[in-house]
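Reading the sequence shown from the start, the letters are residues 11 to 232 in the working numbering. Ideal Cβ positions, reconstructed from N, Cα and C, are used throughout, including at glycine. If you're wondering where the values come from, they're calculated on a predicted model, not measured in any experiment. Working notes, beginning with the structure itself.
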Amino acid sequence: MIEIIPILSDSNCYLLKKNSGFILFDTGFKAKRKLIENSLENAGVNQNNLNLIILSHGDIDHADNALYFKEKYKSNIAMNKNDEGMVINGDMSYNRKNKPDKIKLFFKLIIVLSKISGKKEQFDFFTPDIFLESGYSLKEYGFDATIIETPGHSAGSISIITDDGLLLCGDLLYNITGKPECLMIDNYLQYNESIHKLQKMSILKVYPGHGKPFGFNREIIK
Ligand SMILES: [Zn+2]
């Protein structure tokens, strides 16, 4: 059984825990580094047991501390190649449409908050060590879990599904408006395909990129 330790903040990070060590899913804002760092230390993360850092996508609110934690915990950073340009040069419009297919007012609020949280900060650019695609097994890192490509919010968005039916979905679904939904869909076609993919899986619980974890129900994400 994989234990998931949520580190809930402006944007969420999750620690996957087993006897064999940890995987960190998303790394949060630099402004929240101390909070995240404390949570990692309380959970027992050290230089020898952080098996991998995985990014759900390349947006700064999920990838800001990636380089810092990679160096601190001697771990590799893994993500999907389609978001690579976002983290190599900090271009959040990389591989995205000029105008997203859907953008909710709430999302615009998040962008404003991001600008406040990230003021006068420079994103620490990096080159990912490992690229992840659908079907990539996390067994070699000690976890019975698999990567699923779930593009829509960005072209390189990925999720983790554990063999126990726990889904970590990044920004495919937010849970801050009272119902799970994506607040910024770059590409509707990709998003719909991603949702259909999930509806065919047996999922018990969803751990979103923003907001609290929630129970999965095929109806709620139609
Ligand atoms: Zn986000």
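Quick check on this structure: which residue in the options has the alpha carbon closest to the alpha carbon of residue i?
i           : options           : result
residue 224 : 207, 54, 191, 210 : 191
residue 32  : 112, 15, 40, 42   : 15
residue 158 : 76, 35, 167, 139  : 167
residue 78  : 47, 100, 95, 148  : 47
residue 56  : 199, 82, 11       : 82
residue 49  : 74, 139, 22       : 22
residue 69  : 164, 183, 209     : 164
residue 58  : 210, 195, 84, 170 : 84
residue 133 : 118, 72, 146      : 72
Span of the alpha helix (DSSP H) holding residue i?
i           : result
residue 77  : 76-83
residue 49  : 43-53
residue 205 : 198-209
In three-state DSSP terms, what is residue i?
i           : result
residue 104 : coil
residue 215 : strand
residue 21  : coil
residue 184 : strand
residue 7   : Residue 7 cannot be examined here, being either before or after the span of the chain that is shown, 11 to 232.
residue 148 : coil
residue 99  : helix
residue 155 : strand
residue 56  : coil
Mind checking whether residue i and residue j have CB atoms under 9 angstroms apart?
i           : j           : result
residue 177 : residue 215 : yes
residue 185 : residue 218 : yes
residue 66  : residue 152 : no
residue 34  : residue 140 : no
residue 172 : residue 26  : yes
residue 39  : residue 75  : yes
residue 169 : residue 182 : yes
residue 201 : residue 162 : yes
residue 98  : residue 136 : yes
Go through its chain and collect everything with a Cβ distance to residue i's Cβ below 6 angstroms, but skip five positions before and after it.
i           : result
residue 17  : 23, 46, 49
residue 213 : 175, 177, 226
Quick one: give me the first and last residue of the beta strand (DSSP E) that residue i is part of.
i          : result
residue 89 : 87-89
residue 31 : 31-35
Can you list, in chain order, the residues of its chain with a C-beta nearer than 8 angstroms to that of residue i? Leave out the 5 residues immediately preceding and following it.
i          : result
residue 19 : 38, 39, 42, 45, 46
residue 36 : 21, 22, 23, 24, 64, 65, 66, 72, 73, 180, 219
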